[in-house]
Amino acid sequence: MTDKDPLKRITVDDPAEVSRRNIVTTAVVLVSMILSCYVYFGLSSGSLSEFFSKIDGDIYWMFAFLLPFPFAVLVSYIWPAVKNQKLFSASILLDLAYHIFRFTIGISLLAALMPTAKVLYEQYLSFLTIEISTGVPVWIRMICVLLFADLLGWLHHYIRHRVRVLWYFHMIHHSQREMNYFTDSRVHLFDRVWSTLLVVVPTLMIRIPVPSMLFLLTVMSLQRFFYHSNLKSNFGILRYLLVTPQSHRIHHSTLPEHFNRNFGVNLSIWDHLFGTQYRNYDEYPETGLGEIDYPYERKRGALDIINTFGAQFLYPFGRVYRDLSIFIRKTS
Numbered sequence: 003m004t005d006k007d008p009l010k011r012i013t014v015d016d017p018a019e020v021s022r023r024n025i026v027t028t029a030v031v032l033v034s035m036i037l038s039c040y041v042y043f044g045l046s047s048g049s050l051s052e053f054f055s056k057i058d059g060d061i062y063w064m065f066a067f068l069l070p071f072p073f074a075v076l077v078s079y080i081w082p083a084v085k086n087q088k089l090f091s092a093s094i095l096l097d098l099a100y101h102i103f104r105f106t107i108g109i110s111l112l113a114a115l116m117p118t119a120k121v122l123y124e125q126y127l128s129f130l131t132i133e134i135s136t137g138v139p140v141w142i143r144m145i146c147v148l149l150f151a152d153l154l155g156w157l158h159h160y161i162r163h164r165v166r167v168l169w170y171f172h173m174i175h176h177s178q179r180e181m182n183y184f185t186d187s188r189v190h191l192f193d194r195v196w197s198t199l200l201v202v203v204p205t206l207m208i209r210i211p212v213p214s215m216l217f218l219l220t221v222m223s224l225q226r227f228f229y230h231s232n233l234k235s236n237f238g239i240l241r242y243l244l245v246t247p248q249s250h251r252i253h254h255s256t257l258p259e260h261f262n263r264n265f266g267v268n269l270s271i272w273d274h275l276f277g278t279q280y281r282n283y284d285e286y287p288e289t290g291l292g293e294i295d296y297p298y299e300r301k302r303g304a305l306d307i308i309n310t311f312g313a314q315f316l317y318p319f320g321r322v323y324r325d326l327s328i329f330i331r332k333t334s
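Numbered according to our numbering, the sequence shown spans residues 3 to 334.
(1) So for F54, helix, strand or coil by DSSP?
(2) Taking the Cβ atom as the reference point for each residue, do T289 and H176 lie within a distance shorter than 9 Å?
(3) At what residue ranges does the segment 233-313 contain a whole run of the alpha helix (DSSP H), taking only runs of 4 or more?
(4) In angstroms with no decimal places, state the Cα-to-Cα distance between L218 and V202.
(5) Does the distance from the CB of G108 to the CB of V267 come in under 9 Å?
(6) Excluding the five sequence neighbours on either side, which residues of its own chain have a C-beta within less than 7 Å of the C-beta of M222, listed in chain order?
(7) Does P82 come out as helix, strand or coil in the three-state DSSP assignment?
(8) How would you write the range of the alpha helix (DSSP H) that L199 sits in, first residue to last?
(9) In angstroms, rounded to a whole number, what distance separates the CA positions of R324 and P70?
(10) Which term fits V20, buried or exposed, when burial requires 16 or more other beta carbons within 10 angstroms of its beta carbon?
(11) Short check: CB of T310 to CB of C39, under 9 Å?
(12) Mind reading off the beta-carbon distance from V31 to F228? Whole number of angstroms is fine, and I expect it under 8 Å.
(13) Round the Cβ separation of N182 and S231 to the nearest angstrom and send it over; I've been treating them as touching at under 8 Å.
(14) For a test of the three-state rule: what should DSSP assign to N182, helix, strand or coil?
(15) Y100: which of P204, S78 and H190 sits nearest, CA to CA?
(16) Quick one: using the 10 Å Cβ neighbour count with 16 as the cut-off for buried, is I210 buried or exposed?
(17) Distance check for W196 and I271, CA to CA, integer angstroms please.
(18) Tell me whether the segment 272-283 and the segment 291-306 touch, counting them as touching only if at least three CB pairs, one residue from each stretch, are closer than 8 Å.
(19) Can you tell me which of the three DSSP states S38 falls into?
(20) Confirm, please, whether the CB-CB distance from N24 to G238 is below 9 Å.
(21) Note down, in chain order, each residue of its chain lying with its Cβ closer than 7 Å to the Cβ of H159, except the 5 sequence neighbours on either side.
(22) Please state whether DSSP places T333 in a helix, a strand or coil.
(23) First and last residue of the alpha helix (DSSP H) that includes Y100?
(24) Quick check: the Cα distance between R321 and P297, rounded to an integer number of angstroms?
(25) Beta-carbon separation of L206 and L115 under 9 Å?
(26) May I have the straight-line CA-CA distance separating D152 from S334, to the nearest angstrom?
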């Protein structure tokens with residue numbers, strides 16, 4: 003068989019081993035997420051330590067997201083989707099740079115935009131507010147926000163793959179050839195801003211308290227960190243509800259049969275409902291882009307990482323400019 007043979011991409015593990023792997027990995031993911039949430043909210047309230055209560059709020063969040071990292075490394079080492087993937091390759095170091103940027107400059111920019119977003123919502127979209135929701139228990143409102151935000155996220159994700167201009171910005175995320183815990187942070191700043199602001203709409207519509215919103219965002223983000231990991235797991239029966247490392251690897255696949263599949267952000271129910279779910283749950287393909295001229299990371303040096311970061315930031319603008327130039331020449 004050749005490397006292109008589809009049979010070589012299908013896992014043929016012992017069913018008992020697959021079941022054990024799914025149970026253990028799912029348990030590890032859930033426990034580490036719970037621990038991370040406890041630490042984040044404990045530190046931010048100062049209840050765990052007076053020392054930590056004096057640390058800047060952005061550091062809490064970064065620490066909370068780094069806390070599950072050893073768990074992700076452990077289960078990925080035991081059950082890797084791709085064996086012998088280096089822990090500190092150029093690709094992973096670039097993702098770490100994106101992660102640091104996300105929780106420093108990125109989160110500060112989003113925090114500055116939130117008041118403006120709220121004012122714009124109150125001025126132009128306040129008719130969407132569900133006033134009766136304030137009398138409903140918070141946990142029910144949180145579930146409603148999760149469902150609605152995830153539906154919007156699915157739709158937005160689908161559109162980003164279909165609209166060329168948006169795809170140019172989203173390409174950064176799909177350029178990763180070595181999926182890992184930090185890959186969720188490999189996102190263009192513009193792509194991050196409009197996808198995050200989209201989640202704010204349901205929270206304003208359904209009126210959940212800020213602490214509840216932060217908790218929900220934390221849990222949703224932690225799940226995304228895990229399913230981007232180099233982890234061989236489809237979470238067993240939970241795959242019909244949640245996006246998993248296996249299903250999202252399919253979404254990042256370089257194989258044509260996997261294109262435009264598995265758009266779910268946290269929940270897989272929308273893909274099942276709208277017919278975009280890839281239903282073979284045992285495939286773990288290679289990931290990345292087919293773009294030859296894309297500025298991929300090649301070296302691990304600090305300057306190389308910084309230069310690649312900048313080149314990837316500018317890349318979509320160059321593609322948009324190129325398309326506009328071609329369009330103008332054709333119409334003039």
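Here a beta-carbon is modelled for each residue, glycine too, at the ideal position from N, C-alpha and C. Source: prediction; values computed, not measured.
This is what the structure holds:
(1) Residue mapping note: residue 54 aligns to position 52 of the sequence shown, counting from 1. Below a pLDDT of 50, predicted positions are generally treated as unreliable, and F54, at 49, falls in that range; the measurement from the model is reported next regardless. Looking at F54 - three-state DSSP - the assignment turns out to be helix.
(2) Along the sequence shown, read from residue 1 onward, the residue named residue 289 stands at position 287. Along the sequence shown, read from residue 1 onward, the residue named residue 176 stands at position 174. Cβ atoms of T289 and H176: closer than 9 Å.
(3) 247-253 and 271-276
(4) Position 216 of the sequence shown, counting from 1, holds the residue named residue 218. Position 200 of the sequence shown, counting from 1, holds the residue named residue 202. Between L218 and V202, the C-alpha separation is close to 11 Å.
(5) Here residue 108 corresponds to residue number 106 of the sequence shown, with the count starting at 1. Here residue 267 corresponds to residue number 265 of the sequence shown, with the count starting at 1. No.
(6) As a working mapping, residue 222 is identified with position 220 in the sequence shown. Correct list, in chain order: N268.
(7) Stepping through the sequence shown from its first residue, residue 82 is reached at position 80. It is a strand residue.
(8) Along the sequence shown, one-based indexing puts residue 199 at 197. Note, L199: alpha helix (DSSP H), L191 to I208.
(9) For the purposes of this step, residue 324 is taken as residue 322 along the sequence shown, with counting starting at 1. For the purposes of this step, residue 70 is taken as residue 68 along the sequence shown, with counting starting at 1. In a straight line, the C-alpha of R324 is about 42 Å away from that of P70.
(10) Taking the first residue of the sequence shown as 1, we reach residue 20 at position 18. So V20 ends up on the buried side.
(11) Here residue 310 is taken as the residue at index 308 of the sequence shown, counted from 1. Here residue 39 is taken as the residue at index 37 of the sequence shown, counted from 1. No. Outside cutoff.
(12) Counted from its first residue, the sequence shown places residue 31 at position 29. Counted from its first residue, the sequence shown places residue 228 at position 226. The Cβ separation is near 5 Å, so the contact holds.
(13) For this step, residue 182 is matched to residue 180 along the sequence shown. For this step, residue 231 is matched to residue 229 along the sequence shown. Between S231 and N182 the Cβ distance is about 6 Å, and since that is below 8 Å, they are a contact.
(14) In the sequence shown, the residue the question calls residue 182 occupies position 180. Here N182 sits in coil by DSSP.
(15) The residue given as residue 100 occupies position 98 in the sequence shown. The residue with the shortest Cα to Cα distance from Y100 is H190.
(16) Locating residue 210 in the sequence shown gives position 208, where the first residue counts as 1. Under this definition I210 is a buried residue.
(17) Taking the first residue of the sequence shown as position 1, residue 271 is located at position 269. Taking the first residue of the sequence shown as position 1, residue 196 is located at position 194. Straight-line Cα distance between these residues: approximately 23 Å.
(18) no
(19) The residue given as residue 38 occupies position 36 in the sequence shown. If DSSP states are grouped into helix, strand and coil, S38 belongs with the helices.
(20) By 1-based counting over the sequence shown, the position of residue 238 is 236. By 1-based counting over the sequence shown, the position of residue 24 is 22. Against a cut-off of 9 Å, the Cβ pair of N24 and G238 comes out as a contact.
(21) In the sequence shown, residue 159 corresponds to position 157, counting from 1. Contacts found: F265 and V267.
(22) In the sequence shown, the residue the question calls residue 333 occupies position 331. DSSP places T333 in helix when its eight states are reduced to three.
(23) Numbered from 1 along the sequence shown, position 98 holds the residue referred to as residue 100. Element bounds for Y100: A92 to F103.
(24) Residue numbering aside, residue 321 sits at position 319 when the sequence shown is read from its first letter. Residue numbering aside, residue 297 sits at position 295 when the sequence shown is read from its first letter. Whole-angstrom Cα-Cα distance: 12 Å.
(25) The residue given as residue 206 occupies position 204 in the sequence shown. The residue given as residue 115 occupies position 113 in the sequence shown. Against a cut-off of 9 Å, the Cβ pair of L115 and L206 comes out as no contact.
(26) For this step, residue 152 is matched to residue 150 along the sequence shown. For this step, residue 334 is matched to residue 332 along the sequence shown. Each residue's alpha carbon lies about 43 Å from the other.
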